[in-house]
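Take the sequence shown: its position 65, counted from the start at 1, is 65 in the numbering used here, and no numbers get skipped.
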Amino acid sequence: MEIRSWLQHSKRIARTELVCHFRKHNLYGNKRQIIFSGVLLSCAIVLGLVSYSLGRNLASGHPIPTTRLLIGVSLVFILLLSQGFSLLHTRFEHLELEMLLTTVPVRTAALGLQIFVWTYVAILLALPVFGVAVGTALGLRSPTVASTIIIAIASLATLATTLGVVGRLIAYLIGRHLARGNFYRDFPNLFGWTIVLGIVILFWDTLESVIPLIASLGSLSLSWIIDLALFGAGSEVNIEPRRGLIALGVIVPTILLLEGIATVLIRRIWETEPVTSTGNHSSHTLVGGGRLEQLLGDHVSQPVLTVARERWLMERRAPNGLLYPVFIFLFAIMILLPLFSLIGIPLLLLVVLSFGLGTGIIFGLNPIGNKYRVLPMLFTTVNGRQFVSGLLLATVVVSVPVVTVAVFPISVISSVNFVGMTMLVVVGVALCACTASINIAVGMGVKRREFGPVPALFTEVPAYAEMGWAQFIRLGATFVGVSLVGVPAYLGNLPSVYESAGVIGIPIIAVRLGSLLLTTLIAAVVTKTAYQIAVQRYQDYQME
Numbered sequence: 001m002e003i004r005s006w007l008q009h010s011k012r013i014a015r016t017e018l019v020c021h022f023r024k025h026n027l028y029g030n031k032r033q034i035i036f037s038g039v040l041l042s043c044a045i046v047l048g049l050v051s052y053s054l055g056r057n058l059a060s061g062h063p064i065p066t067t068r069l070l071i072g073v074s075l076v077f078i079l080l081l082s083q084g085f086s087l088l089h090t091r092f093e094h095l096e097l098e099m100l101l102t103t104v105p106v107r108t109a110a111l112g113l114q115i116f117v118w119t120y121v122a123i124l125l126a127l128p129v130f131g132v133a134v135g136t137a138l139g140l141r142s143p144t145v146a147s148t149i150i151i152a153i154a155s156l157a158t159l160a161t162t163l164g165v166v167g168r169l170i171a172y173l174i175g176r177h178l179a180r181g182n183f184y185r186d187f188p189n190l191f192g193w194t195i196v197l198g199i200v201i202l203f204w205d206t207l208e209s210v211i212p213l214i215a216s217l218g219s220l221s222l223s224w225i226i227d228l229a230l231f232g233a234g235s236e237v238n239i240e241p242r243r244g245l246i247a248l249g250v251i252v253p254t255i256l257l258l259e260g261i262a263t264v265l266i267r268r269i270w271e272t273e274p275v276t277s278t279g280n281h282s283s284h285t286l287v288g289g290g291r292l293e294q295l296l297g298d299h300v301s302q303p304v305l306t307v308a309r310e311r312w313l314m315e316r317r318a319p320n321g322l323l324y325p326v327f328i329f330l331f332a333i334m335i336l337l338p339l340f341s342l343i344g345i346p347l348l349l350l351v352v353l354s355f356g357l358g359t360g361i362i363f364g365l366n367p368i369g370n371k372y373r374v375l376p377m378l379f380t381t382v383n384g385r386q387f388v389s390g391l392l393l394a395t396v397v398v399s400v401p402v403v404t405v406a407v408f409p410i411s412v413i414s415s416v417n418f419v420g421m422t423m424l425v426v427v428g429v430a431l432c433a434c435t436a437s438i439n440i441a442v443g444m445g446v447k448r449r450e451f452g453p454v455p456a457l458f459t460e461v462p463a464y465a466e467m468g469w470a471q472f473i474r475l476g477a478t479f480v481g482v483s484l485v486g487v488p489a490y491l492g493n494l495p496s497v498y499e500s501a502g503v504i505g506i507p508i509i510a511v512r513l514g515s516l517l518l519t520t521l522i523a524a525v526v527t528k529t530a531y532q533i534a535v536q537r538y539q540d541y542q543m544e
């Protein structure tokens with residue numbers, strides 16, 4: 001009876017956390033539910049068709065494509081592990097422990113939190129997994145294989161998410177015992193992929209000799225999942241049923257062990273750990289003399305300098321803005337780099353665009369959320385022009401050295417002359433200011449009620465951000481818009497364009513530099529327009 005009551009209370013906590021999570025991401029409402037369900041249904045259909053084709057091939061006697069399946073299994077495992085990590089991070093910070101732990105014991109709350117993670121992942125995977133199971137069963141003409149596929153994927157997903165939960169709790173616990181625990185806890189999440197990529201590039205020759213050994217060792221266990229998934233097909237496919245059963249026999253106890261470890265870690269964090277981590281924190285004045293005043297004091301008002309300095313200080317203490325350039329650089333490498341290479345646009349322009357967008361987003365994004373706690377004081381002490389100018393100043397001052405450092409070495413390698421390099425830096429800074437002004441204008445149009453507290457990187461203090469996917473959609477629109485501003489520069493530096501201009505007597509250098517100048521002028525016009533819109537929205541902003 002006690003176990004039954006324990007499970008009921010845990011499920012009730014999980015249900016509450018699930019509702020809170022869906023509300024936080026604005027997934028309630030007919031329109032959002034239709035979009036959310038439509039995406040999952042589309043994935044289910046696509047995966048079902050692929051699985052049906054795979055099942056037919058296996059039924060025809062083709063060998064199991066083990067390598068491709070292992071790559072897919074590995075990617076799914078990593079994604080689910082990170083999902084468990086992030087889900088716990090999202091809800092763990094917002095639990096009202098003072099009320100929760102007075103009604104249920106720690107182990108009940110801990111299990112409820114883990115059930116929430118498992119349930120949310122199950123909701124995401126239900127339709128896609130159903131598509132895979134039904135598609136494979138139809139292709140193999142074996143209904144029983146659908147059940148074993150569901151069992152294999154469910155066990156793998158539970159293992160991955162539970163491992164992610166344990167990893168997040170360990171990182172949280174370690175972070176509290178380090179002087180800069182929050183930094184060391186979150187830095188790998190932001191830049192771990194760049195470190196791994198750099199290691200792969202620098203030590204590729206060594207890794208080539210090691211990877212086959214690693215792959216062979218990893219396949220000994222991962223391939224057993226494939227055997228478990230296709231166990232229901234019987235003699236239709238060439239598998240080893242014994243290995244599938246062993247895999248299931250290993251995964252289930254491992255999940256139970258990890259669940260127990262997670263409960264112990266949660267109990268340790270909630271009952272014995274201090275409320276805050278240790279660390280030295282210093283105060284900094286935002287008003288007064290400094291290098292900024294020495295350089296710009298005669299040309300820029302003190303409120304503008306104060307806004308800029310405060311924005312720098314905020315980003316230095318908790319550099320959450322660095323998350324967005326990471327996504328931009330990743331998008332540039334994965335999507336734009338092949339596109340630029342295919343069309344023939346110089347890759348140096350891709351570097352200029354990427355760093356212009358990246359630095360513009362850091363200081364221009366989320367102007368209301370960054371000032372959420374002090375909005376009443378902000379609107380009564382700083383006017384619109386001072387606020388927007390301060391954010392643009394913070395952006396431009398940082399972008400000049402960043403873009404220069406990024407462009408200079410590549411320009412030297414590409415044999416670009418000094419004038420061309422200078423123009424490229426000017427274009428990068430102009431695109432940066434353009435990105436920041438658009439983000440500020442768009443951000444000032446978001447109502448205060450749309451914001452809510454979210455876990456922040458590198459700090460235990462929650463930040464305020466807009467809930468739902470609208471901010472990411474607008475961010476994507478900004479990225480596309482600023483990219484279009486650079487179209488004259490792209491066209492003017494295409495070999496086919498400037499060589500054709502040279503044939504009719506127009507100097508090649510004039511075409512290439514002129515296109516950069518035209519992009520700079522367009523960026524200036526867009527920046528000024530967005531600046532005026534941002535100032536007006538600031539002055540008309542309603543606190544409600």
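We treat Cβ as the ideally placed atom computed from N, Cα and C, and that holds for glycine.
Exposed unless 16 or more other CB atoms sit within 10 angstroms - verdict on Asn-493: buried
Where Gly-344 sits in the DSSP three-state scheme: coil
Best match in Gln-542, Gly-481, Glu-450, Val-352 for proximity to Met-467 [C-alpha to C-alpha]: Across the set Gln-542, Gly-481, Glu-450, Val-352, the C-alpha of Glu-450 shows the shortest separation from the C-alpha of Met-467.
Residue nearest to Pro-488 in terms of C-alpha spacing, selected from His-62, Gly-112, Ala-463, Leu-521: Leu-521
Close Cβ partners of Val-134 (< 7 Å) along its chain, the five nearest in sequence each way excluded: Gly-48, Ala-146
Presumed contact (8 Å Cβ cut-off) between Leu-336 and Leu-350, rounded CB distance: 6 Å
Assumed close pair Gly-344, Pro-495 - CB separation to whole angstroms, cut-off 8 Å: 6 Å
Within 8 Å, strictly: CB atoms of Gly-384 and Val-535: yes
Phe-231 beta carbon less than 8 Å from that of Thr-148: yes
C-beta atoms of Val-237 and Ile-71 nearer than 8 Å: no
Where Gly-481 sits in the DSSP three-state scheme: helix
Residues near Tyr-541 in its chain [Cβ-Cβ closer than 6 Å; skip 5 each side]: none
Cross-strand partners of Phe-451 (DSSP beta bridge): Glu-466
Contiguous beta strand (DSSP E) assignments of at least 3 residues, all confined to the stretch 375-460: 451-454
The stretch 364-371 touching the stretch 429-445, judged by at least three CB pairs closer than 8 Å: At 8 Å Cβ cutoff, the stretches touch.
Through-space distance from Val-166 to Leu-228, alpha-carbon basis: 25 Å
Closest residue to Ile-554 among Gly-420, Ala-154, Pro-303 (Cα-Cα distance): No answer is possible for residue 554: the residues shown for the chain start at 1 and end at 544.
Beta-carbon proximity list for Ser-51, same chain, < 6 Å, skipping 5 on both sides: Val-132, Gly-135, Thr-136
DSSP state of Leu-494 mapped onto helix, strand, coil: coil
Boundaries of the alpha helix (DSSP H) in which Lys-528 is found, first to last residue: 508-539
Glu-310 versus Thr-381: straight-line alpha-carbon distance, rounded: Using only the alpha carbons, I get a separation of about 14 Å.
For Ile-239, the first and last residue of its enclosing alpha helix (DSSP H): Unbroken run through Ile-239: none, as it is neither H nor E.
Opening and closing residue of the alpha helix (DSSP H) in which Ile-115 lies: 106-140
Alpha-carbon spacing of Tyr-531 relative to Arg-268, whole angstroms: 50 Å
Backbone CA spacing between Gly-218 and Gly-38 [nearest angstrom]: Annotation note: pLDDT 45 at Gly-218 (below 50); position unreliable, coordinate value reported separately. C-alpha separation (whole angstroms): 35 Å.
Candidates Met-421, Leu-322, Phe-355: closest to Arg-512 by CA position: Met-421
CB contact flag (Val-326, Leu-424, <8 Å): no
Residues near Ile-150 in its chain [Cβ-Cβ closer than 7 Å; skip 5 each side]: Val-129, Ala-133
Inter-residue spacing [alpha-carbon to alpha-carbon] between Gly-428 and Met-334: 21 Å
Exposure label - Val-485; buried when at least 16 CB within 10 Å: buried
Start and end residues, alpha helix (DSSP H) containing Leu-330: 323-331 is the span of the alpha helix (DSSP H), which, as asked, contains Leu-330.
Ala-615 versus Ala-394 - alpha carbon distance: Residue 615 falls outside the range modelled here, since the chain spans only 1 to 544, and no answer is possible.
DSSP three-state assignment for Val-300, whether helix, strand or coil: coil
Rounded C-alpha distance that separates Ser-411 from Val-497: 21 Å
Environment of Val-402 [buried if 16+ CB atoms lie within 10 Å]: Buried: at least 16 other Cβ atoms inside 10 Å.
Val-307 versus Leu-322: straight-line alpha-carbon distance, rounded: Here the C-alpha atom of Val-307 lies approximately 19 Å from the C-alpha atom of Leu-322.
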